[in-house]
Structures are given as structure tokens and as C-alpha cells.
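Numbering (our numbering), first residue to last: 206 to 448.
Structure first, commentary second.
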């Protein structure tokens, strides 16, 4: 029989929308939280989300339904909830009541393609932490005709700002005089890794799009539109996100 997946109480409260994780810690320390009829004041307490009966100030708290959303991010949108300069964000593209979701990984403002949004912390961790090594696939258009050995340069890696940047796999899809199309796979996805790698090698990016996360493809999803992941897709993603 599988063991229950226990989560920290403050995380459970935050995921349920009671308060931020830090504010939830304060609520616990104040003795306002009961789990299965017992007051809990320890921040290290863990609960089984499937069976725990949790109340705050005597009122039952129900966990939010876990959401797993695929979005086609257009260029020009930020991957943040709010921007101090009031620039457009990916949350302008989804229902307002989904403001509690967070991005699973990020794309910079000029990039486009497949983004996942969720309120499932374990799902997010498994897809973003380097130790799980979930592959992300990108199509990258660069100016000019690339040489046949460019994929090998990308998989060997380059150094930038004290970091070694390298592709897990790379190949040339098209090579023309004016531009070339590359397919690049990353496991870690350091900040702006593809742009930094190609920039160090002297290439100018015209377009950068994420087309796949693990087994999930962008497919025909139009720019600015979203869809829910199916249960089978979620299982497939998590099956790949194993150590």
C-alpha cells in the first residue's frame, strides 16, 4: 500500500488560499489551527491532504482544486502576477480567479510558446528542480546560415558569467542564407540560457519558442489561449519527473 504524501501544514494552508506561506506560519504559531481536532503550533507539522480535517479559527478549510494549465505565451508578456510598470503579464490571458496560480518555469518577455501554470506545489517542484531533469524543447530562429558543428558546440557548452551553459541535445532543422532554425533541448534551464549561449557564440536570435515540456507539446494551441492538462498528461509528466 503506498505511503501517504505528507505536506507541511503551512504549505497546505497557503495552497488552500488561507494566507501566504509566511502568514500561515504566524497563524499556526498563534494556535489558531486545528488538525483533526487538535491544536497544532509546530511549524514542522505535516498533514495528509487526502484525509486531514483542518480548521482555522474554528472554521473548516477546504483545499483548492489543483489546476494544471497549458498556455501559449505570446511574445511581449511577462511571467509574473503583477508588474510595477503595468506591462502585460501571462495572468492577463487567464481567468481573474486564477491569480493564485504560479508559472512552472519561466520564459523571458521576448520569448513565446508553451507555459504551464499551476497551484500544485509538488507538480511545480518536480518539473523545475534540476535533479528531476525534465526536458524542455525550444525552436530557435537565428540570423544567417549556421555551420554544421553548431549543435556540437551547444552540447559541449560555453561559459558565461561564471556559469557553464550547455544544451542536452541540439540539431539544425533548417539552414538558409538569411536565417536558420534550431531545435534545442535543455534539462536545467538557467536564466536566459539559450540566449546567453547563442550570444556568446555570436548568433543573433530572431525568435525563440518553447514547443515542448517533457511529453507535453504546444501543438496547435493558438497564441494567448490556454487549455487544461488531461489526467493522462499529468501522469505522463510526473512519470518523467523522477530521480
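Just so it is clear, CB atoms sit at the ideal spot from N, CA and C, and this is done for glycine as well.
In this text the structure is predicted, and so the values were computed from the model without any measurement.
DSSP state of residue i mapped onto helix, strand, coil
i	result
residue 207	For residue 207, the predicted model reports a pLDDT of 48, less than 50, meaning its position is unreliable; a value from the coordinates is still stated below. Three-state result, residue 207: coil.
residue 370	strand
residue 390	strand
residue 436	helix
residue 318	strand
residue 287	coil
residue 333	helix
Residue burial classification, residue i (beta-carbon count within 10 angstroms, cutoff 16)
i	result
residue 430	exposed
residue 206	In this prediction, residue 206 has a pLDDT of 42, which is less than 50 and means its spatial position is unreliable; nothing more can be read from the coordinates.
residue 220	buried
residue 215	buried
residue 400	buried
residue 331	buried
residue 225	exposed
residue 233	buried
residue 244	exposed
residue 305	exposed
Proximal residues to residue i (C-beta, below 7 Å), its chain only, five neighbours per side dropped
i	result
residue 368	395
residue 393	335
residue 416	318, 319, 342, 343, 344, 422, 423
residue 365	401, 405
Residue interval of the alpha helix (DSSP H) (run including residue i)
i	result
residue 357	355-361
residue 231	226-234
residue 275	Per DSSP, residue 275 belongs to no alpha helix (DSSP H); it is in the beta strand (DSSP E), 273-278.
The segment 378-390 in contact with the segment 322-330 per 3-pair CB rule at 8 Å: no
Between the segment 290-304 and the segment 259-270, can you find at least three pairs of beta-carbon atoms closer than 8 Å? no
Inspect the CB distances between the segment 275-292 and the segment 245-253 and report whether three or more fall short of 8 Å. With a cut-off of 8 Å, the segment 245-253 and the segment 275-292 do not count as touching, because too few Cβ pairs lie within range.
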